[in-house]
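Under this note's numbering, the first residue of the sequence shown carries the number 17, and numbering increases by one thereafter. Ideal placement from N, C-alpha and C gives every residue a C-beta, glycine not left out. These numbers come from a predicted model, not from an experiment. Okay, so here's the structure we're looking at.
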Amino acid sequence: MTVSESFQHYVLPTYGRFPIVPVRGEGTRLWDETGKAYLDFCTGIAVCSLGHAHPRLTAAIREQAGTLLHVSNLYQIPQQAELARAIVTEHVELPGKVFFGNSGAEANDGLVKTARRFGHKRPQADGSPRFEVLTFNQSFHGRTLGGIAATGQDKVKEGFDPMLPGFRHLPFNDSAALETAIRPETVAILLEPIQGEGGVNVATPGFLATVAKLCKEHDLLLLLDEVQTGFGRCGEAMAWRTIAPALEPDGISWAKGMGGGVPIGAFWVSDRAIDADGTALSSLMGPGSHGSTYGGNPLVCAASLAVLDEIRESNLAHNARRQEQRIRAAIESWKLPVVTEVRGKGLLLGIGLDASKIAVPEGKTAALVVVTKLMELGLLVPPAGPSTFRLLPPLNVTDAEVDEALEKIRQVLSAF
């Protein structure tokens, strides 16, 4: 039985999978079962921050696996404490505390739980809890029931009604709409600094300033979903700092690139005081309020420490900024009518397409047409909506690898 036949017989068909079977990776290269090599500018959708089989990550996993894989969070895990310290002091650089889970969806659920706990501590004028979280159209916050309720895309909700209550979706980057949307039951605003799955849409500095102002005026929590954008991907340790450096969020979620391929997610909650008694926001999530069997075990924390140390010590965020400039300059020089714009920051870039210039078969999108043709040429990139494809290479991608990928993209797009 082939791999494809095994999938058909035994795996739920929840993904529209491309017909390649990767079996080995090294750096920015993947090889499939036929021996064909690909440049990987998908990296597990922004997961493999250091590429494949990076020596530092491989060594950290091997060493920890030979010592201790897992213990319960009933006990104190030194690797977890060290990873939390590194995240708070070296990446967020704001006082707060971290909870570890297994995915971005879990991390976002944790932020929502924190917001609801805050809404009980700081209720409405009549004493009833605040609970509503405002999110935005084209957002993506995960595939759990909480995640799809928070997500501002109808396609992820189909067939799963009724939705978890307590979310409203507003136009992204529309300050006027946000200012009029706040109700007595509103407790938080949750957004991605750069919407990845929704088309690589960047929050404007003015919009983030409005969010911060309204959160302060209405005693709301400012929550940032950095699952796809965090830890160097967008040219800074935290993506919001590439847009509004002075912003001080109340909570942040991460996953994807923080583990380099090992499944780990986390959320951070600020230590700021929320009342005259000096109660810390982070103290609201006390014993029994949240948990995860696998979250923060020794193996995943050792792996994540290796990844984050390599990103910081090798200044890979700088490489992300430099490669962004090279990619933008190259695409602009092509002057191809099929390219509408390049959106994003660092190495989270979306190339917008004019779908009217592409022959799109029924049931497909312009982005899928381009992604498929690039795959045939040996370049892996993911779509981001119907008319955008993303470039998500490893943060340590080289000039030569970027140039090779750009030539394949130019070749495909020039044909339209």
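Selection Arg40, Val37 and Gly60 evaluated against Gly275 yields Gly60 as nearest (Cα-Cα). Approximately 14 Å separates the beta-carbon atoms of Gly212 and Ala383; this is outside 8 Å, ruling out the contact.
Around the Cβ of Asn331, a 10 Å sphere holds fewer than 16 other Cβ atoms; the residue is exposed. Contact check for Leu207 against Phe152 passes: the beta carbons are separated by less than 8 Å.
Between Ala319 and the set Leu73, Leu238 and Asp325, the nearest pair of CA atoms involves Leu73. Per DSSP, Val216 lies in no alpha helix (DSSP H) segment and is marked neither H nor E. By the criterion of a C-beta distance shorter than 7 Å, Glu42 is surrounded in its chain by His68 and Ala69, once the five residues flanking it on both sides are discounted.
Nearest Cα to Ala192 within the set Leu180, Glu174 and Gly222: Gly222. A distance below 8 Å between beta-carbons, with the five flanking residues on each side excluded, links Glu174 to no residue of its chain. Every beta strand (DSSP E) stretch that sits fully inside the segment 384-426 and reaches 3 residues is listed by chain position as 404-407. Per the C-alpha coordinates, the member of Thr30, Ile36 and Leu28 positioned closest to Val19 is Ile36. With a beta-carbon spacing of about 5 Å, Gly281 and Gly117 fall inside the 8 Å limit used to define contacts. Counted as a single uninterrupted DSSP element, the stretch harbouring Asp48 is not any alpha helix (DSSP H) but the beta strand (DSSP E) occupying residues Arg45 to Asp48. The three-state secondary structure of Ser155, taken from DSSP, is coil. Contact between the segment 247-254 and the segment 91-100 is absent: fewer than three C-beta pairs spanning the two stretches fall below 8 Å. Within its own chain, the residues whose Cβ lies closer than 6 Å to the Cβ of Asp287, once the five positions on either side in sequence are excluded, are Pro111, Gly112, Ala296 and Ser298, listed in chain order.
Remark: fewer than three beta-carbon pairs, one from each stretch, lie closer than 8 Å, so the segment 303-314 and the segment 225-238 are not flagged as touching.
Taking a C-beta distance under 8 Å as the contact criterion, Gly51 and Phe283 do not qualify as a contact pair. Take the alpha-carbon of Val87 and the one of Leu315: they are about 10 Å apart. According to DSSP, Tyr54 shares a beta bridge with Leu46. Pro139 places its beta carbon less than 8 Å from that of Arg146. By the CB criterion at 8 Å, Arg406 and Gly366 fall inside the cutoff. Linking Asp415 to Cys64 through their CA atoms gives a straight-line distance of about 18 Å.
With fewer than 16 neighbouring CB atoms inside 10 Å of its own CB, Phe176 falls in the exposed class. Annotated three-state conformation of Arg146 is coil, per DSSP. Cβ-Cβ distances below 6 Å link Gly302 to nothing in the same chain once the five nearest sequence neighbours on each side are left out. Taking each of Arg184, Pro178, Leu161 and Thr160 in turn and checking the Cα distance to Gly168, the smallest one comes out for Arg184. DSSP links Arg40 through a beta bridge to Trp47. Under DSSP, Ile367 takes part in a beta bridge, and its partners are Val358 and Phe405. Across the structure, Ala219 and Leu239 are spaced so that their CA atoms are roughly 14 Å apart. Taking the Cα positions, Ser403 is about 10 Å away from Val355. Taking a 10 Å sphere around the C-beta of Gly304, we find fewer than 16 other C-beta atoms and assign the residue as exposed.
Going by DSSP, Ala346 is part of no beta strand (DSSP E) but of the alpha helix (DSSP H) stretching over Leu332 to Trp350. Looking at Tyr54, Tyr26, Gly135 and Arg101, the one whose alpha-carbon comes closest to that of Asp291 is Gly135.
By the beta-carbon neighbour count (other beta carbons within 10 angstroms, threshold 16), Asp170 is exposed. Closest by C-alpha distance to Ala255, out of Arg45, Gly158 and Val216, is Val216.
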